[in-house]
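**Q**
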Amino acid sequence: MKKIAAFLLALMLLALAGCSGDTKPSSAPDDSGDAPTQASEPAKSNHVVDYKIDVPDGFEPTEMEGLTACWYNADGSNINLNITDKDATADVGFTAITADMMRMTLISTFKETYGTEPTVTDKYFTRNDVCGMPAYQYAYDMDLEGAVMTQIIVCVNADKLYTITYTDGSGEWLEQFEASAGNIQLITE
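Per numbering that gives the first Met the number 0, residue 0 is the first one in the sequence shown, and the count goes up by one each step.
1) Since residue 45 and residue 132 should fall inside the 8 Å C-beta cutoff, what is the C-beta to C-beta distance between them, to a whole number of angstroms?
2) So what does DSSP say about residue 91, is it helix, strand or coil?
3) When we look at the beta-carbon of residue 141 and count the other beta-carbons within 10 Å, is it buried (16 or more) or exposed?
4) When the distance is taken between beta carbons, is residue 185 closer than 8 Å to residue 161?
5) Candidates 181, 188, 76: which alpha carbon is nearest residue 146's?
6) Could you work out which residue in 47, 49, 53 is closest to residue 181 when comparing CA atoms only?
7) Could you compute how far the alpha carbon of residue 135 sits from the alpha carbon of residue 154?
8) Between residue 156 and residue 93, what straight-line distance do the alpha-carbon atoms span, to the nearest angstrom?
9) Out of 187, 100, 129, point me to the one whose CA is closest to residue 119's CA.
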């Protein structure tokens with residue numbers, strides 16, 4: 000059940016992120032586990048040319064339609080990156096997002112799509128810049144018919160919207176996911 004719930008949640012997040020036209024930066028992410036430099040250094044521009052996400056050992060790259068990059072673990076936990084083009088309203092919409100909006104959207108989407116209403120419990124919602132660019136981080140626990148998982152969503156407003164989602168379906172990865180989320184690198188020119 001946990002694997003199914005994690006997969007359904009990943010699919011549902013595609014809908015939340017509006018993953019219609021995603022593009023891939025010039026190179027694949029580095030999942031070697033090397034510690035990146037400070038993630039909060041100011042960027043000179045917001046045009047991202049590459050990215051780096053620390054991926055824990057045991058996660059294998061997997062291709063999934065609609066995602067720029069995705070890594071899965073045998074326990075159903077996963078990390079995914081979705082890059083979406085912005086329209087004229089993206090910047091205004093980005094600044095308006097709150098934990099309440101995210102929670103209500105998650106619950107509503109699950110109810111409409113799968114006919115079940117999960118229990119979502121907020122852990123935190125912050126607006127800490129990532130690489131000097133506006134970002135939010137939303138972490139929550141979700142109970143879906145007895146399957147409990149924790150997700151961290153990091154969304155960065157740059158030349159496009161960069162959304163990195165960490166799904167811990169086993170309860171084993173949260174510490175490593177939080178460290179990875181704190182070390183996301185978006186390389187700009």
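The beta-carbon is built from N, C-alpha and C at its ideal position, and this holds for glycine as well.
**A** Quick look at the numbers:
1) Taking the first residue of the sequence shown as 1, we reach residue 45 at position 46. Taking the first residue of the sequence shown as 1, we reach residue 132 at position 133. Confirmed, about 6 Å.
2) For the purposes of this step, residue 91 is identified with residue 92 of the sequence shown, where counting begins at 1. Helix.
3) Along the sequence shown, one-based indexing puts residue 141 at 142. Classification for residue 141: buried.
4) For this step, residue 161 is matched to residue 162 along the sequence shown. For this step, residue 185 is matched to residue 186 along the sequence shown. Going by C-beta atoms, residue 161 is nearer than 8 Å to residue 185.
5) Here residue 146 is taken as the residue at index 147 of the sequence shown, counted from 1. For residue 146, the nearest C-alpha among the options comes from 76.
6) Locating residue 181 in the sequence shown gives position 182, where the first residue counts as 1. Residue 181 has its Cα closest to that of 53, out of 47, 49, 53.
7) To locate residue 135, count along the sequence shown from 1; it is residue 136. To locate residue 154, count along the sequence shown from 1; it is residue 155. For residue 135 and residue 154, the distance between alpha carbons rounds to 6 Å.
8) Position 157 of the sequence shown holds residue 156. Position 94 of the sequence shown holds residue 93. Going by the C-alpha atoms only, they are around 7 Å apart.
9) Counted from its first residue, the sequence shown places residue 119 at position 120. For the residues 187, 100, 129, the minimum Cα distance to residue 119 belongs to 100.
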